[in-house]
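Here the structure comes first, spelled out in structure tokens, and everything after it is commentary.
2 protein chains.
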Amino acid sequence: MGTTQVEAVPEPKYWHLRTVLSEALDSEFSVGEILPNERELAARFGVARATLRQALEQLELEGRLQRRRGVGTTVAPPRVGVSVGTEQHLWPGAPGDAWQPSDCTLAAPPAAVADALGTGRDEAVHTVRRSRRTHGRPVAAELLYVPASSVPDLSAIEAPSGPARARAVLRELQRRQLQRQESAVELGSAHAEDAKVLDRLPGSPVLVVTTRYVAGDRTAALSVATYRADTCRLTFGDAGGVQIHHDPPSRAC
Amino acid sequence: MGTTQVEAVPEPKYWHLRTVLSEALDSEFSVGEILPNERELAARFGVARATLRQALEQLELEGRLQRRRGVGTTVAPPRVGVSVGTEQHLWPGAPGDAWQPSDCTLAAPPAAVADALGTGRDEAVHTVRRSRRTHGRPVAAELLYVPASSVPDLSAIEAPSGPARARAVLRELQRRQLQRQESAVELGSAHAEDAKVLDRLPGSPVLVVTTRYVAGDRTAALSVATYRADTCRLTFGDAGGVQIHHDPPSRAC
DNA sequence: TAGTGGTCTAGACCACTCC
DNA sequence: GAGTGGTCTAGACCACTAG
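These protein sequences, in sequence, are chains A and B. All residue numbers for the first sequence refer to the working numbering, where the first residue is 13 and numbers rise by one. All residue numbers for the second sequence refer to the working numbering, where the first residue is 13 and numbers rise by one.
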């Protein structure tokens, strides 16, 4: 027939919409600007609100938009690079690290953590809570598990819990020789507690960084840190500068 | 009044459902097993299919489930750890690296890449496509940008494009001294091409790893690799062993 | 109190896989 | 062709923010 190739695999509407909106964001909006509300946008593009929302979700996932209930949808600033692994390995809590200890308890950790630490499943470990902010915004929440054997000289008299205790545990950690550290990054979703600290809704995507600190050939500490996936770019080996990743040219539709 | 605390902040249904399903996966299903279909599950839990799907989406994001159109929903195996950054820095294509070159072209890169490379926006660079598989499954697709100046001795006569050309570019790269490399990890969504290679739908979540290879104080190559976020755990400093991250105990509801 | 995004419903049809 | 997950609709109501 005379018709030219007709879009063999039709793009879903929400995907097309994502592309259109993405281009509009590049050319017609500036950071911080408020978009029209969802009902308005849906009407303007002639789609159901649910479909529009699917497109917005994608863009939020990619860090292009920020949505806040009761407020509106705004254009997000570029992701901030947060340094996660540096060349020289340091204990958590070393001078100059970016974390703020907020609490410390002594309790049996989740089974998976106990296994990774090589402690018994009912053995109590110090659990330090810390959080991290950048440009005044919360970017990460951490649980740091430190077996009692890693901080043998920790005074039992000092504050039994709370921030002071957390600092004491971190202080004691510095006295040991750090052999090496290993990290892993994976995608997760924020649980209620993390979500609260990160100022997001539960279920929002986070990058989970698990770090094993090795000393004396044993796992001396284990950190599980969750970073907001929408606003963060995790840098290893200090790559603060690299700033790629806006879509390469996509086919028209 | 006499009523006990009534769930001050009611959990969304889909979130509750996620928790229930997650626990069921732990206790009643084994890897690879097929779940009942969505209509069935929705009916069983007394919710609309869309709500159930929201819960499944979460679990898929967390790497617990795998859904395939026309087939069904299966219990996913644990994420595979893929080594991304090692202690000793090596050029891409060094002996033993996990990537399979598939193509190479010479063209002007996206503007953002040109800027990061410090080349002119219209200057052509070698663009090597590579892919990476683990246990027979595709896990990542990469675009590697190599400015002509980084491979000065590259013979113009050899295959002008295709896998042979890609290997030639990588081979030439090895001759230079690698100073250091810097990586960044962020969340993205798969474009059509990547989605195809990764055997996923467009828009599915990916971990984008941007690596800058520095030689002679200049960016000698730039790699943009997209990993399937559902099946991969990226390891730095070789942390193959760490395997945490199943939800900590969550509050009942 | 008005306006926003977040949740949820009950349907419909489509694209894909496998028999 | 039967059965699966993927897309889409047109509504409703809720939770939150801010004037």
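Beta carbons: idealized from backbone N, C-alpha and C, even for Gly. Quick caveat, the model's predicted, so the values are computed rather than measured.
- A straight-line Cα-Cα distance of about 22 Å links G130 (chain A) and H101 (chain A).
- Where A180 (chain A) is concerned, there is no enclosing beta strand (DSSP E), although the alpha helix (DSSP H) around it starts and stops at P175 to Q186.
- Contacts with chain B at 9 Å (Cβ-Cβ) include E198 (chain A).
- In chain order, P150 place their CB closer than 7 Å to the CB of D211 (chain B), counting only its own chain and leaving out the 5 sequence neighbours on each side.
- Membership of L199 (chain A) in the beta strand (DSSP E) is indicated by the continuous run R192 to S201.
- Of all residues in the segment 233-246 of chain A, those with a C-beta nearer than 8 Å to a C-beta of chain B are L234, V236, A241, D242, C244, R245 and L246, reading in chain order.
- Between the C-alpha atoms of T222 (chain B) and T247 (chain B) there is a straight-line separation of about 14 Å.
- Counting only residues of its own chain and dropping the five nearest sequence neighbours on each side, R188 (chain A) has a CB closer than 8 Å to the CB of W103, S162, A227, G228 and A232.
- Chain order gives the chain B residues near R192 (chain A) as G249, where near means a beta carbon separation below 7 Å.
- Residues of the same chain with a CB within less than 8 Å of the CB of E50 (chain A), apart from the 5 flanking positions on each side, are R61, L64, R65, L68 and T85 in chain order.
- Taking a Cβ-Cβ threshold of 8 Å, the residues of chain B close to Q70 (chain A) are S201 and G215, in chain order.
- Counting along the chain, F248 (chain B) sits inside the beta strand (DSSP E) bounded by residues C244 to F248.
- In this chain, the alpha helix (DSSP H) harbouring W27 (chain B) covers K25 to E40.
- Sorting A:E74, A:D115, A:V218 and A:P121 by C-alpha distance to the C-alpha of S201 (chain A) places A:V218 at the top.
- Within the segment 93-169 of chain B, complete beta strand (DSSP E) segments of at least 3 residues are found at 111-119, 137-146 and 149-159, given in chain order.
- One finds G200 and S201 in chain A with Cβ atoms closer than 7 Å to the Cβ of E74 (chain B), taken in chain order.
- Annotation for R230 (chain A): no residue places its beta carbon closer than 6 Å to its own, counting only its chain and skipping 5 residues before and after.
- The criterion of a C-beta distance shorter than 9 Å is not satisfied by A237 (chain B) and E135 (chain B).
- The C-beta of E74 (chain B) has 16 or more other C-beta atoms within 10 Å across all chains shown, which makes the residue buried.
- Within the model, the alpha-carbon separation for D127 (chain B) versus R133 (chain B) is close to 7 Å.
- Within chain A, the residues whose beta carbon sits less than 8 Å from that of W27 (chain B) are P214 and G215, listed in sequence order.
- DSSP, reduced to helix, strand and coil, places R91 (chain B) outside both helices and strands of the structure shown, so it counts as coil.
- At the C-beta level, Y157 (chain A) and L190 (chain A) stay beyond 9 Å of one another.
- Cβ atoms of G249 (chain B) and Q193 (chain A) come within 8 Å of each other, at about 6 Å.
- The beta-carbon of E23 (chain B) is placed less than 9 Å from the nearest beta-carbon of chain A.
- The beta-carbon of S195 (chain A) is placed less than 9 Å from the nearest beta-carbon of chain B.
- When beta bridges are read from the DSSP output, T238 (chain A) appears opposite A:A153 and A:V220.
- When beta bridges are read from the DSSP output, T86 (chain B) appears opposite B:I46 and B:Q78.
- No Cβ-Cβ contact shorter than 9 Å links A88 (chain A) with V32 (chain A).
- Scanning A:L199, A:P214, A:V197 and A:P107 for the CA closest to the CA of E205 (chain A) turns up A:P214.
- In the structure shown, R230 (chain B) falls within a strand segment according to DSSP collapsed to helix, strand and coil.
- Its chain contains G105, V140, R141, R142, P175, A178, R179 and L182 as the residues whose beta carbon lies nearer than 8 Å to that of P113 (chain A), once the 5 sequence neighbours on both sides are disregarded; these appear in chain order.
- With a contact defined as Cβ atoms closer than 8 Å, L29 (chain A) and V59 (chain A) qualify at about 7 Å.
- Around the C-beta of S167 (chain A), fewer than 16 other C-beta atoms lie within 10 Å, and the residue is accordingly described as exposed.
- Looking at B:H203, B:R79, B:S39 and B:R91, the one whose alpha-carbon comes closest to that of E23 (chain A) is B:H203.
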